[in-house]
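Chains as they are written, first to last, in the working numbering: chain A, 3 to 241; chain B, 3 to 241. Remarks on the structure that follows.
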DNA sequence: CCAAAATCAAGAGCACTGCTCTCGTTTGTG
DNA sequence: CACAAACGAGAGCAGTGCTCTTGATTTTGG
């Protein structure tokens with residue numbers, strides 16, 4: 003049933019994959035702004051114009067690498083999340099955040115492409131990047147929503163309980179979340195802390211020789227944050 | 003007593019300032035990676051090689067712009083801090099954070115240069131950028147240390163109270179801070195939240211059309227964080 | 001089966017970049 | 001006043017993204 007591909011079609015697929023692989027390599031090694039189609043062509047023993055038969059432009063390659071990086075990151079975070087017991091939401095979040103941090107530290111250039119300064123003159127096409135780009139934050143939000151719903155009768159929904167002036171409804175529907183404003187706020191706080199700490203570290207704001215173990219700092223910060231809605235907090239612990 | 007400057011020396015100073023001004027302009031308009039000495043030269047009705055009489059390289063200009071941006075940001079944050087009553091540390095922090103956020107939103111390209119992806123192939127010389135680059139975080143830390151010390155006898159120092167595995171001493175001495183580990187942790191949490199929320203917003207992670215008023219979200223998040231060590235918290239409110 | 005059509009790699013070329021070097025000219029100074 | 005320092009202009013080198021043409025190869029349809 004599988005269509006037999008002509009040698010030329012196979013070669014085309016192979017070349018496409020090689021370009022993407024070398025592109026990922028150059029991105030990791032030299033950073034996004036230094037990504038050069040000519041340099042990639044040289045690595046492939048191709049002349050620069052030949053690459054344009056496979057990739058429309060440098061920006062299109064960049065988009066492919068953005069999607070590639072978002073997907074790899076989200077896969078790792080999801081795997082870490084799933085490695086925790088199904089009903090231990092706190093541990094799920096801990097492992098997810100640590101996986102996010104670990105990936106960022108090991109792939110600084112690709113992390114920068116996703117969560118750093120936008121590449122000048124390049125606008126990521128939303129229709130391609132939004133879905134993979136929101137997987138991580140959606141997972142975190144959903145886990146917090148799940149944790150918050152423990153003990154609440156399934157028939158009830160989370161009380162909107164609107165905080166002054168802010169309307170979360172559009173996001174609630176976008177991510178299909180059943181979550182009250184209090185926990186929504188907490189989710190954003192967690193997300194901001196994760197990205198904030200990671201960016202400060204990866205982008206060098208702690209200095210070249212930080213007088214701290216940043217790995218330990220990160221986990222302590224996340225644990226501290228999780229304690230806010232844990233046992234003993236006024237929100238009523240839900241794990 | 004003031005040395006009379008020759009017309010040529012005056013012209014040199016003026017040209018230097020014009021280059022910096024146009025550079026700041028291009029940086030704000032087109033972003034850091036698109037910063038071009040040739041384009042700046044065109045704007046000044048100069049030939050490109052002439053600019054090199056004033057600026058050694060593109061990287062040197064970038065460094066000047068980094069220092070310039072750090073300084074302007076720190077000045078605005080400091081002014082906001084000083085606009086609050088001298089003994090109202092909570093309000094000092096609120097205004098400082100809001101000033102940081104406001105500046106970042108109004109100067110996204112310059113914010114990206116400071117807190118976004120490092121420019122490829124460019125390494126900011128620490129001896130020039132560290133001092134202005136740490137002014138904001140130092141101010142926040144000092145204010146929190148001041149707030150924490152209220153009611154504590156001046157003769158006593160903050161108890162180290164080391165949290166497992168983390169040694170804050172090197173940073174404590176670097177910033178000359180008298181602060182216990184608990185509040186140090188809080189300071190980092192605040193700093194990470196400020197940078198995290200700001201970066202998410204400026205770098206477009208909330209989407210092109212966020213279903214939220216991000217300005218309100220920011221202040222609510224900061225206020226929520228400040229409540230953690232405010233009245234009613236187990237840390238004992240100090241404002 | 002073989003000619004027409006599609007696809008391919010290669011190369012030249014355009015406009016841009018950072019940066020260097022040289023060449024007259026202008027300006028400051030001993 | 002003469003000499004040296006500083007100056008702007010211009011040419012040039014190596015690199016970039018991208019387009020267009022050319023000639024060879026492969027696929028496909030009559």
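We put the beta carbon where it would ideally sit given N, CA and C, even for glycine.
Review point. Cβ atoms of residue 218(B) and residue 102(B): under 8 Å apart, would you say?
Key: Your numbering for residue 102(B) matches position 100 in the second chain. Your numbering for residue 218(B) matches position 216 in the second chain. Against a cut-off of 8 Å, the Cβ pair of residue 218(B) and residue 102(B) comes out as no contact.
Review point. Is residue 218(A) close to chain B, meaning its C-beta is less than 8 Å from at least one C-beta of that chain?
Key: For the purposes of this step, residue 218(A) is taken as residue 216 along the first chain, with counting starting at 1. Chain B, which has a Cβ nearer than 8 Å to the Cβ of residue 218(A), makes this yes.
Point to revise | For residue 69(A), the first and last residue of its enclosing alpha helix (DSSP H) | key: Reading the first chain from its first residue, position 67 is the one you call residue 69(A). It spans 60-84 - the alpha helix (DSSP H) in which residue 69(A) sits, taken as one unbroken run.
Check your understanding: Does the beta carbon of residue 19(A) come closer than 8 Å to any beta carbon on chain B?
Key -> Here residue 19(A) refers to the residue found at position 17 of the first chain. Not one chain B Cβ lies under 8 Å of residue 19(A).
Check your understanding: If you run the structure through DSSP and keep just helix, strand and coil, what is residue 117(B)?
Key -> The sequence position of residue 117(B) within the second chain is 115, counting from 1. Of the three classes helix, strand and coil, the one that applies to residue 117(B) here is helix, per DSSP.
Check your understanding: Taking DSSP as the reference, what is the three-state secondary structure of residue 93(A)?
Key -> The residue given as residue 93(A) occupies position 91 in the first chain. If DSSP states are grouped into helix, strand and coil, residue 93(A) belongs with the helices.
Review point. Using the C-alpha atoms, what's the distance from residue 16(B) back to residue 72(A)?
Key: In the first chain, counting from the first residue as 1, residue 72(A) sits at position 70. In the second chain, counting from the first residue as 1, residue 16(B) sits at position 14. Rounded to the nearest angstrom, the two C-alpha atoms are 47 Å apart.
Review point. When DSSP labels each residue in this structure, what does residue 14(B) get in the three-state scheme?
Key: Translated into the one-based positions of the second chain, residue 14(B) becomes position 12. Of the three classes helix, strand and coil, the one that applies to residue 14(B) here is helix, per DSSP.
Review point. From the beta carbon of residue 190(A), is the nearest beta carbon of chain B less than 8 Å away?
Key: For the purposes of this step, residue 190(A) is taken as the residue at position 188 of the first chain. Yes, residue 190(A) counts as interfacial toward chain B.
Review point. Using a Cβ-Cβ cut-off of 6 Å (strictly less than) and excluding sequence neighbours within five positions of residue 96(B), which residues of its own chain qualify?
Key: Taking the first residue of the second chain as 1, we reach residue 96(B) at position 94. None.
Practice item. Hey, could you find the ends of the alpha helix (DSSP H) residue 221(A) is sitting in? Key: Counted from its first residue, the first chain places residue 221(A) at position 219. Run containing residue 221(A): 216-230, per the alpha helix (DSSP H) assignment.
Check your understanding: Taking only beta-carbon atoms, is residue 179(A) less than 8 Å away from chain B?
Key -> What you label residue 179(A) is simply residue 177 of the first chain in a count that begins at 1. Cβ-Cβ to chain B under 8 Å: no for residue 179(A).
Point to revise | C-alpha gap between residue 42(B) and residue 65(B), whole angstroms | key: Mapped onto the second chain, residue 42(B) falls at position 40. Mapped onto the second chain, residue 65(B) falls at position 63. Going by the C-alpha atoms only, they are around 16 Å apart.
**Study point:** Proximity to residue 186(B) [Cα-Cα], best of 141(B), 6(B), 222(B) and 70(B)
**Key:** Reading the second chain from its first residue, position 184 is the one you call residue 186(B). Ranking 141(B), 6(B), 222(B) and 70(B) by Cα distance to residue 186(B) puts 141(B) first.
Practice item. Name, please, each residue of chain B whose Cβ falls closer than 8 Å to the Cβ of residue 195(A). Key: Within the first chain, residue 195(A) is the residue found at index 193, counting from 1. Here the neighbours are 191, 194, 195 and 198.
Review point. Is residue 147(B) buried or exposed, if buried means 16 or more other CB atoms sit within 10 Å of its CB?
Key: Translated into positions along the second chain, residue 147(B) becomes position 145. Under this definition residue 147(B) is a buried residue.
Practice item. Verify the CB distance criterion: does residue 201(A) have a CB-CB separation below 8 Å to chain B? Key: Start at 1 with the first residue of the first chain, and residue 201(A) comes out as number 199. Interface residue, yes.
Practice item. Pull up the distance between the alpha-carbon of residue 225(B) and that of residue 178(A), whole angstroms please. Key: In the second chain, residue 225(B) corresponds to position 223, counting from 1. In the first chain, residue 178(A) corresponds to position 176, counting from 1. Residue 225(B) and residue 178(A): Cα-Cα distance of roughly 27 Å.
Exercise for review: For residue 120(A), count neighbouring C-beta atoms within 10 Å of its own C-beta (all shown protein chains included) and say buried if the count is 16 or more, exposed if not.
Suggested key: In the first chain, the residue the question calls residue 120(A) occupies position 118. So residue 120(A) counts as buried.
Check your understanding: Relative to the alpha-carbon of residue 21(A), which residue among 181(A), 57(A) and 191(A) has its alpha-carbon at the smallest distance?
Key -> Your numbering for residue 21(A) matches position 19 in the first chain. Per the Cα distances, 57(A).
**Study point:** Interface flag, residue 141(A) vs chain B, CB-CB below 8 Å
**Key:** Numbered from its first residue, the first chain carries residue 141(A) at position 139. It does not: the Cβ of residue 141(A) has no partner Cβ on chain B nearer than 8 Å.
Review point. So residue 214(B) and residue 181(A) are in contact, right, with Cβ under 8 Å, and what is the actual spacing, rounded?
Key: Within the second chain, residue 214(B) is the residue found at index 212, counting from 1. Within the first chain, residue 181(A) is the residue found at index 179, counting from 1. With 8 Å as the limit, residue 214(B) and residue 181(A) do not qualify as a contact, their Cβ atoms being about 14 Å apart.
Review point. Are any of the Cβ atoms in chain B nearer than 8 Å to that of residue 25(A)?
Key: Numbered from 1 along the first chain, position 23 holds the residue referred to as residue 25(A). Residue 25(A) does not count as touching chain B.
Practice item. For residue 44(A), count neighbouring C-beta atoms within 10 Å of its own C-beta (all shown protein chains included) and say buried if the count is 16 or more, exposed if not. Key: Numbered from 1 along the first chain, position 42 holds the residue referred to as residue 44(A). Classification for residue 44(A): exposed.
Point to revise | Cβ of residue 173(B) within 8 Å of any chain A Cβ | key: Along the second chain, one-based indexing puts residue 173(B) at 171. Residue 173(B) counts as touching chain A.
Review point. For residue 55(B), is the classification buried or exposed, using 16 other Cβ atoms within 10 angstroms of its Cβ as the cut-off for buried?
Key: Here residue 55(B) refers to the residue found at position 53 of the second chain. Exposed.
Check your understanding: For the alpha helix (DSSP H) that contains residue 182(A), what are its first and last residues?
Key -> The residue labelled residue 182(A) in the question sits at position 180 within the first chain. Here residue 182(A) belongs to no alpha helix (DSSP H), and DSSP marks it neither H nor E.
Point to revise | Alpha-carbon spacing of residue 59(B) relative to residue 130(B), whole angstroms | key: Position 57 of the second chain, counted from the start, is the residue given in the question as residue 59(B). Position 128 of the second chain, counted from the start, is the residue given in the question as residue 130(B). The alpha-carbon atoms of residue 59(B) and residue 130(B) are separated by roughly 16 Å.
Exercise for review: Tell me, please, whether the CB atom of residue 215(A) is closer than 8 Å to any CB atom in chain B?
Suggested key: On the first chain, position 213 is the one that residue 215(A) refers to. Judged by the 8 Å Cβ criterion, residue 215(A) is in contact with chain B.
**Study point:** Under 7 Å from the C-beta of residue 168(A): neighbouring residues of chain B
**Key:** On the first chain, position 166 is the one that residue 168(A) refers to. Those within 7 Å of residue 168(A) in chain B are 214, 215, 218, 219 and 222.
Practice item. Measure from the C-beta of residue 186(B) to each C-beta in chain A and report whether the shortest distance is under 8 Å. Key: As a first step, residue 186(B) is located in the second chain; it is residue number 184 there, counting from the start. Output row for residue 186(B): interface = no.
Check your understanding: Taking only beta-carbon atoms, is residue 8(B) less than 8 Å away from chain A?
Key -> To locate residue 8(B), count along the second chain from 1; it is residue 6. No, no contact with chain A.
Check your understanding: So which residues of chain B does residue 205(A) contact, with C-beta pairs closer than 8 Å?
Key -> Taking the first chain and counting its residues from 1, one reaches residue 205(A) at position 203. Neighbours of residue 205(A) on chain B, chain order: 117, 118, 119 and 120.
**Study point:** Where residue 129(A) falls: helix, strand or coil (DSSP)
**Key:** In the first chain, residue 129(A) corresponds to position 127, counting from 1. Correct three-state label for residue 129(A): helix.
Practice item. Identify, in the order they occur along the chain, each residue of the same chain with its Cβ nearer than 6 Å to the Cβ of residue 4(A), setting aside the five sequence neighbours on each side. Key: On the first chain, position 2 is the one that residue 4(A) refers to. At residue 4(A) the pLDDT is 47, less than 50, meaning the model places this residue with poor confidence; the figure from the coordinates comes in the next sentence. Cβ neighbours of residue 4(A) beyond the five flanking positions: none.
Exercise for review: Would you list, in chain order, the members of the segment 101-115 of chain A that have their beta-carbon closer than 7 Å to a beta-carbon of chain B?
Suggested key: 114
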